[in-house]
Amino acid sequence: MHTEIEIAAPALRVWEMLTDFSRYPEWNPSLRSVAREPAVGERLVVQFSMGRGRTMAMRPRLLAVDAPRELR
Numbered sequence: 006m007h008t009e010i011e012i013a014a015p016a017l018r019v020w021e022m023l024t025d026f027s028r029y030p031e032w033n034p035s036l037r038s039v040a041r042e043p044a045v046g047e048r049l050v051v052q053f054s055m056g057r058g059r060t061m062a063m064r065p066r067l068l069a070v071d072a073p074r075e076l077r
């Protein structure tokens, strides 16, 4: 999957927001939590809200962490 959006903010500020996993629920209400550290090879633990009290978990692996350019 590939998505792209232009954000009117300095790259470092965007990077800080994207890698502050504990604050994801503040700006993305469908994400209940994201755990682990932003490091290459790390498997995140992501909890999604599916509505009606249901949740779904994913464990994506980070393939690239290149501050402040790429988080994949």
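6 is the number of the first residue of the sequence shown in the numbering used here; add one for each residue after it. No residue lacks a Cβ here, since even glycine has one placed at the ideal position from N, Cα and C.
Does DSSP put residue 21 in a helix, a strand or coil?
helix
Name, in chain order, the residues that DSSP records as bridge partners for residue 76.
Paired residue(s): 70.
Residue burial classification, residue 45 (beta-carbon count within 10 angstroms, cutoff 16):
Classification for residue 45: exposed.
Less than 8 Å between the CB atoms is what I'm expecting for residue 73 and residue 20, so what's the real figure, rounded?
3 Å
Check residue 59 in the structure and name its three-state DSSP category.
strand
Below 8 Å between beta carbons: does that hold for residue 30 and residue 41?
Against a cut-off of 8 Å, the Cβ pair of residue 41 and residue 30 comes out as no contact.
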